[in-house]
Amino acid sequence: MSGQDPLLSVAGIEVMYGRLALVLRGLTLSVPKGGIVALLGANGAGKTTTMKAIANLLRSERGEVTKGAIHYDGARIDGLDPSDLARRGLSLVMEGRHAFPTLSVEDNLKVGAYSRSDGAVAQSLERVYSIFPRLKERRNQPAGLLSGGEQQMCVIGRALMARPRMILLDEPSMGLAPLLVEEIFSIMQQLNAEAGVTFLLAEQNAAVALRYATYGYLVEGGRVVREGPARALAADPEIRASYLGLDASAEADEASLAARRRPRWLS
Amino acid sequence: MFYRDAGALKTSYAQEQAIFPVALDRWAVMALVAVGALVVPFVAGPYWLGSILLPCLILSLAAIGLNILTGYAGQLSLGSGAFMAVGAYAAVNLVIRLPGLPFPVSFVLAGMVAGAVGLAFGLLSLRIRGFYVAVATLAAQFLIEWICTHIPWLVLNTPSGVVSTPTLFLFGFGFSSVPSRYLVAFVTVVALAVVAKNLIRSSAGRALMAVRDHETAAELTGVDTTRAKLTAFAVSGFYCGVAGALWAFLYLGNVEIEAFSLHRSFQILFMVIIGGLGSILGSFLGAAFIVLLPVAIANAATLFGEALKPDVLANLELMIFGALIVAFLIIEPNGLARLAVKAKERLRRWPLPY
């Protein structure tokens, strides 16, 4: 992207699991300050691995970044503890809604403020409650008893409690009703516009993601195969056919399938 | 009707977060503490005071210690008996070798020694998870038992390996009578229970529970999981250590390793499981259950008089004990504390439930 300095840049990283499976093959992307960047791709394309590589969560799965570098806010962050990253204002919301099930919603949110010592936690709590009024209603319930959408709100709210400058959102729409997905995405857009929070978003649901994002990367087989402003991507006939399920005329389908079947090492 | 939260208007977060939000609870607990301190020691006989309430209180303290580690931080431990032993051996050495030290200071230091040993074994838990942590603490149990029996210096070179504990003195007063020993245990346990309750409600306590609920998510949220786990091991070691010191000085009157065997570790683990994982109240209920039930069974058996031979009775006791534990866990898998919470919920709506 041009003009702005990136808040997060991932330069040609390779990730290997257990020294056997090469999952990312030189993936490069950058996220500008104040942007909403979408990472699109099919199952197994490497979206979640990219997220985990940024947050340095691969160790517990015997994965490692074997090549390339990750910079956040001008400093290299590969090798830093996830809790260090949270302190630097980079939060990852993992896929699958990992609220702390036995803690109350309010305690979940308070854990989010663990790394802060400024004494303004009560204000942040009020702010999160004003963004997600539903959480306030349920603040004394164990988070494990909330519905899926409410848990997703709880987890996003928890990330906000650390007052992050950047949030990595992994599959926020997974298993949620379409209306709720719109609600969560519009809250993301609102946070971006009002508080200047930068977002990197991994999403299967390309149609919605491209509507809210400013820029998009298409990941396939562990590398970026397409990138561009979100509107341009959404208008691209091949992407429309194979990711958005639109323009499903037989030829377009056939062409895109053939394109996708072509081994990448030939291109 | 009387037990209600209607009419109790909360106008601040501090009020909402009070330990006992219902006024009646607050008064009941204060009354219980007052009765326990001011009435019980003068009314109860030496048998109840010295053989039932005293061990019950001390084991409650050990159960709180284990509950912080296993119930709140989610690290299963089979070494609580060994950490009690460390506390007991440290206390007897401090009290006898440094006679100038007031005994509360010695006991706190003994607890800190046990906490340090807990911390050392906690370091292992940083690399392993789940059942493997339990195995590491089991190793602690065997290792510490071995050390306590093989280093004569630790038992002040007593040939039998059993050290009699001296009477504790504070400001010239000797704590040798049963009521005075009970009071020392009572004050210690109540004070440490209040500390534990507040620790759990603090940011450090929430960090422990976050690690238990989902370690990776806790780390991503900014919780220093290393620190949280080590805190749990150290605090748990401290509580078990103080309990061990009390057990040796106030209850047994000597220090010997038999009192802190693997059997003790399991007994405390049962207390925590039956009482309720992740509940301070549960630690007390569990300890009372495990200590009182055999007494109750034995007393009930005397109703049958001579019909039961002593050897049959001994086995029958164990069988009934086991069956009751299983029964309670089927009725309420989350422990006695959960039953208490449910009863309270029902009481709030009495006499007009909906």
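Residue numbers (the working numbering), protein chains in the order written: chain A, 1 to 267; chain B, 268 to 621.
We put the beta carbon where it would ideally sit given N, CA and C, even for glycine.
Note that the structure is predicted; figures quoted are calculated from it, not measured.
- DSSP state of asparagine 521(B) mapped onto helix, strand, coil: strand
- Message: Suppose the cutoff is 6 Å on Cβ atoms and the five residues either side in sequence are ignored; what does the same chain contact list for serine 431(B) look like?
- Response: Asn521
- Short CB-CB distance (under 8 Å) between threonine 646(B) and chain A: Any answer about residue 646(B) is impossible in this case: the structure gives chain B only from 268 up to 621.
- Report the option in Val105(A), Arg231(A) and Ala235(A) whose CA atom is closest to the CA atom of tyrosine 129(A). Val105(A)
- Query: Any residues in the region 85-105 of chain A with a beta carbon nearer than 9 Å to a beta carbon of chain B? Which ones, in chain order?
  - Reply: Leu85, Ala86, Arg87, Ser91, Leu92, Val93, Met94, His98, Ala99, Phe100, Pro101, Thr102 and Leu103
- Interface residues of the region 568-593 of chain B facing chain A [CB-CB below 7 Å]: none
- Locate the alpha helix (DSSP H) running through arginine 364(B), then write down its first and last residues. 347-364
- Task: Keeping to the same chain, check which residues put their C-beta closer than 8 Å to that of alanine 610(B); ignore five residues upstream and five downstream.
- Result: none
- Query: First and last residue of the beta strand (DSSP E) that includes histidine 71(A)?
  - Reply: 63-72
- Message: For methionine 16(A), list the residues DSSP reports as bridge partners.
- Response: Leu22(A) and Glu64(A)
- Task: Verify the CB distance criterion: does threonine 22(A) have a CB-CB separation below 8 Å to chain B?
- Result: As written in the sequence, residue 22(A) is leucine, which differs from the threonine given in the question. No, leucine 22(A) lies away from the interface with chain B (no Cβ there is under 8 Å from its Cβ).
- Item | Near-chain A residues of the region 482-501 of chain B (beta-carbon distance less than 8 Å), N- to C-terminal order | Thr483, Ala484, Ala485, Glu486, Leu487, Thr488, Gly489, Val490, Asp491 and Thr492
- Query: Thinking just about the alpha-carbon of each residue, which of Leu321(B), Phe309(B), Leu390(B) and Val372(B) is nearest to the one in valine 457(B)?
  - Reply: Leu321(B)
- Answer with yes or no whether the minimum CB distance from aspartate 292(B) to chain A is below 8 Å. no
- Message: For a test of the three-state rule: what should DSSP assign to glycine 216(A), helix, strand or coil?
- Response: strand
- Query: What are the residues that DSSP puts in a beta bridge with isoleucine 156(A)?
  - Reply: Answer by DSSP bridge pairing: none, since isoleucine 156(A) is not bridged.
- Item | CB contact flag (threonine 498(B), alanine 471(B), <8 Å) | yes
- Out of Leu437(B), Leu336(B) and Ile547(B), which has the shortest C-alpha to C-alpha gap to leucine 386(B)? Leu336(B)
- Local Cβ density within 10 Å of phenylalanine 562(B), reported as buried at 16 or more and exposed below that: Looking at the sequence shown, residue 562(B) is not phenylalanine but valine. Per the 10 Å Cβ criterion, exposed.
- Beta-carbon proximity check, glycine 68(A) vs alanine 11(A), cutoff 8 Å: yes
- Message: Using only CA atoms, which one of Ala512(B), Arg448(B), Arg293(B) and Val362(B) lies nearest to alanine 355(B)?
- Response: Ala512(B)
- Task: Kindly give me the distance between the Cβ atoms of tyrosine 215(A) and alanine 230(A), rounded to whole angstroms, as I take these residues to be in contact under 8 Å.
- Result: 6 Å
- Query: Going along chain B in order, which residues have a C-beta closer than 9 Å to the C-beta of leucine 57(A)?
  - Reply: Thr483, Glu486 and Leu487
- For the beta strand (DSSP E) containing phenylalanine 442(B), list its first residue and its last residue. 440-442
- Segment limits, beta strand (DSSP E) that includes leucine 200(A): 198-203
- Item | leucine 57(A) vs valine 15(A) beta-carbon contact at 8 Å | no
- Minimum Cβ-Cβ distance from tyrosine 129(A) to chain B less than 8 Å: no
- Taking DSSP as the reference, what is the three-state secondary structure of threonine 434(B)? coil
- Query: If you drop the 5 nearest sequence neighbours on each side, which residues of the same chain put their C-beta closer than 6 Å to that of leucine 544(B)?
  - Reply: Gly338
- Task: Run the CB neighbour count on lysine 110(A), radius 10 Å, all protein chains shown included, and call it buried at 16 or more, exposed below.
- Result: buried
- Message: So arginine 473(B) contacts chain A; which residues on that side make the cut at Cβ distance below 8 Å?
- Response: Leu103, Asp107, Lys110, Val111 and Tyr114
- For the region 524-537 of chain B and the region 115-130 of chain A, state whether three or more C-beta atom pairs, one from each stretch, are separated by less than 8 Å. no
- Message: Quick check: the Cα distance between alanine 352(B) and valine 454(B), rounded to an integer number of angstroms?
- Response: 21 Å
- Query: Should serine 470(B) be flagged as near chain A, meaning a C-beta pair shorter than 8 Å?
  - Reply: yes
- Item | Chain-ordered chain A contacts of alanine 477(B) [CB-CB under 9 Å] | Phe100, Leu103, Asp107, Asn108, Val111 and Tyr114
- phenylalanine 571(B) to methionine 586(B), Cα distance in whole Å? 17 Å
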